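Just so we're aligned, residue 12 is where the sequence shown starts under the working numbering, counting upward by one. Here is the structure we will look at.
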Amino acid sequence: MEQKIFYIKTFGCQMNERDSEIMAQTLSGHGYIESMNYQEADLVILNTCSIRAKAEQKVLSLLGYLRKAKKNRPSMKICVAGCVAQQEGSRLIERMPHVDLVIGTQQIYHLEKHLQRVALEGSLVVTDLRDDYEIPQFLPEINQLGRAFETHLPCPSPRPWRKFVTIMQGCNNYCTYCVVPYTRGREISRIVNDIIEEVKAFVKEGVQEITLLGQNVNSYGKTNAVAETGASYTFTDLLKEVSQVEGVARLRFTTSNPKDLTDELMRSFRDVKNLCPQFHLPVQSGSDRILKRMNRKYTTSEYLEKIEKLHDYCPELALTTDIIVGFPGEEDRDFEETMNLLEKVRFHGSFSFKYSDRSGTVASTFAEKVDEEVKVARLSRFQSRQDEISLERNREYIGTVKEVMIEERGLDGLRGRTDTNHIVHLNNCTAGHAAGTIIAVKIIHAGQHSLQGEVYNLH
Ligand code: SAH
Ligand code: SF4
Ligand code: F3S
């Protein structure tokens with residue numbers, strides 16, 4: 012088999028990261044090897060994100076850049092996958108004729124077949140998005156991924172101790188600002204057995220930590236039958252089943268929409284022992300008026316009630332959220348309510364964004380757009396206060412002993428992660444702990460974005 016080189020660059024969310032792994036695995040199985048250097052690649056894949064205009068612009072400018080690379084290496088094939096590919100389709104090739112393949116979000120599983128067509132027939136756009144799609148099964152073979160090859164620049168570590176498992180694709184929620192229902196299509200859940208089989212295969216390869224992925228995991232099993240008997244089966248059922256797979260030391264999941272967060276799922280933070288005490292629960296805004304316009308279908312008081320319950324079930328739970336500032340029609344008083352919510356919950360951390368118009372979404376048709384300077388000022392105020400709170404929260408850990416999973420060796424020593432998902436630097440540590448090992452660490456210092464600790468000896 013002729014050996015070809017591929018390069019893949021991933022933008023966007025963890026679902027894209029997992030999709031890139033699947034594409035990489037497909038290619039490895041067909042004689043390709045991966046390189047970190049796009050200039051020597053026979054195939055360059057950009058796995059793209061269109062959640063905000065900025066994400067999309069990055070892709071377009073990189074594609075412009077690749078035009079030159081292809082001039083120097085005419086045999087190079089350029090493939091655009093992911094959410095920009097899904098949304099733009101043939102418009103991408105019209106604008107960028109040097110692109111060979113535009114492959115939609117459900118089509119990545121069939122990458123090899125589409126590449127063969129490109130080789131025979133020239134450029135191709137495949138963006139079919141079906142409502143009744145069945146997500147194919149790809150069992151992981153980690154050892155094929157991320158290998159360093161002598162003649163090529165090695166790929167970054169594939170993080171063999173920690174893996175994402177996609178449990179569903181698509182989204183039916185239609186939050187008015189969001190492009191995902193258009194780029195990922197209708198909600199489709201994977202079959203329980205397929206998921207369990209994938210988790211087992213990962214664990215067999217040495218994976219310790221599993222994160223279950225979906226745009227709204229609480230809808231798992233609601234739109235199609237996932238269990239063999241056809242019996243009803245919830246996300247909490249799945250979580251419990253995955254938690255019982257031998258060897259899963261840590262379990263996480265993302266994302267959960269507050270409107271669908273059930274009491275049963277909240278109780279899992281108390282009852283499921285290997286479920287990490289960390290929860291990402293995007294609130295988006297602290298103003299009920301704005302939440303309504305966003306079509307989020309919950310109020311701030313409902314959100315706060317859930318937070319209270321979560322803390323009752325699991326007092327050490329570390330909470331993070333997503334915030335959008337400058338949604339069309341957001342006035343000063345709405346933004347103040349977001350600031351108030353931040354004070355009430357005191358999130359351990361958050362991802363906050365300026366609202367970005369996405370074509371095809373309902374909010375893009377709303378008048379009352381907020382001025383860019385106002386958005387910038389609000390974002391900066393929110394982020395500064397969040398940084399202060401994160402620091403205060405992190406300081407609460409000083410003096411405590413936490414279980415830390417070793418992740419990698421950086422320039423300044425070992426780096427690991429607590430069950431609460433905080434990065435911990437272990438700068439006094441000389442022992443050769445392998446990635447994936449869990450050790451006890453005493454937290455001695457806290458910064459805004461990470462903690463510092465030393466190995467804790469029980470005697
Ligand atoms: N499914 C997840 C979110 C996926 S998108 C959920 O429902 O929580 C990740 C985050 O991007 C969102 O939570 C939101 O905060 C942000 N986002 C989505 N669309 C956006 C837009 N048009 N402008 C700015 N931020 C946006
Ligand atoms: Fe987008 Fe809302 Fe679906 Fe999340 S739940 S992906 S924000 S439409
Ligand atoms: Fe981006 Fe698509 Fe994920 S738009 S955030 S890559 S689902």
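The beta-carbon is built from N, C-alpha and C at its ideal position, and this holds for glycine as well. Quick caveat, the model's predicted, so the values are computed rather than measured.
Suppose you measure from the CA of K251 to the CA of G447; what does that come to, to the nearest Å? 22 Å
Where the beta strand (DSSP E) through S361 begins and ends: G360 to K365
Does the Cβ of T240 have 16 or more other Cβ atoms within 10 Å, making it buried, or fewer, making it exposed? exposed
Once you ignore the five residues that flank A374 on each side, which residues in its own chain have a CB closer than 8 Å to its CB? T187, Y188, R304, M305, F338, P339, Y366 and D368
Own chain, CB closer than 6 Å to Q118, minus 5 neighbours either side, in chain order: V137
Give the straight-line distance between the Cα atoms of E465 and K453, rounded to the nearest whole angstrom. 5 Å
Delimiting residues of the beta strand (DSSP E) encompassing Q127: Run containing Q127: none in the beta strand (DSSP E); it sits in the alpha helix (DSSP H), L122 to E132.
Determine the burial state of G93: buried for a count of at least 16 other Cβ atoms within 10 Å of its Cβ, exposed for fewer. buried
By the three-class DSSP mapping on this structure, what secondary structure does H291 have? strand
For V452, which residues does DSSP report across the bridge? K413 and V466
In angstroms with no decimal places, state the Cα-to-Cα distance between Q226 and T266. 5 Å
Start-to-end residues for the beta strand (DSSP E) that takes in R201: First-last for R201: undefined, no H or E at that position.
Report all residues from its chain with a CB closer than 6 Å to the CB of G360; omit the five preceding and five following residues, and keep chain order. T331 and S401
Return the first residue and the last residue of the beta strand (DSSP E) that F17 is part of. K15 to T21
So, under 8 Å CB-CB, L328 and F377 are touching, yes? Tell me the CB distance rounded to an integer number of Å. Actually they do not touch by this definition, with Cβ atoms about 35 Å apart.
Specify, as a first and last residue, the run of the beta strand (DSSP E) that K69 falls within. It is not in any beta strand (DSSP E) - K69 instead sits in the alpha helix (DSSP H) that spans A64 to N83.
Which residues in the same chain have their Cβ closer than 6 Å to the Cβ of T310, if we skip the five residues on either side of it in sequence? D299
H125 and L112 look like a contact to me (Cβ under 8 Å); what is the Cβ gap, rounded to whole Å? 6 Å
Taking only the alpha-carbon atoms, compute the straight-line gap between Y244 and K270 and give it to the nearest angstrom. 19 Å
Quick one: any contact between the stretch 220-236 and the stretch 177-185, if contact means 3 or more CB pairs under 8 Å? yes
To the nearest angstrom, how far is the alpha carbon of A35 from that of I19? 8 Å
May I ask whether a heavy atom of the ligand SF4 can be found less than 6 Å away from the beta carbon of Q226? yes
Continuous alpha helix (DSSP H) stretch holding N405: start and end: E383 to R406
Taking 7 Å as the cut-off, decide whether the C-beta atoms of V110 and I104 are in contact. yes
Would P293 pass as a contact of D333 if the rule is Cβ separation under 7 Å? yes
Starting from E220 and walking both ways along the beta strand (DSSP E), at which residues does that stretch end? E220 to L224
With a threshold of 16 other CB atoms inside 10 Å of the CB of K79, please say whether the residue is buried or exposed. exposed
Coil, strand or helix - Q459 by DSSP: coil
When you compare each of G217, A457 and Q148 to A445 by their alpha carbons, which one comes out closest? G217
Note down, one range per segment and in chain order, each alpha helix (DSSP H) of at least 4 residues found wholly within the stretch 240-320. 246-254, 274-282 and 299-304
Take F149 as the anchor and find which of A238, R428 and D30 has the nearest alpha-carbon. D30
Output the residue ranges of the beta strand (DSSP E) runs that lie fully inside the stretch 25-68 and measure 3 residues or longer, sorted by chain position. 43-45 and 54-59
Does D471 pass the burial test, meaning 16 or more other C-beta atoms within 10 Å, or should it be called exposed? For the chain, the structure presents residues 12 to 470; residue 471 sits outside this window and is missing.
Output the residues surrounding the ligand F3S, defined as those with a CB atom closer than 6 Å to any ligand heavy atom, in chain order. G23, C24, M26, N27, C60, S61, I62, G93, C94, V190, V191, T194 and R195
Own chain, CB closer than 7 Å to R344, minus 5 neighbours either side, in chain order: none
Any idea if K82 is buried or exposed, counting beta-carbon neighbours within 10 angstroms, 16 or more meaning buried? exposed
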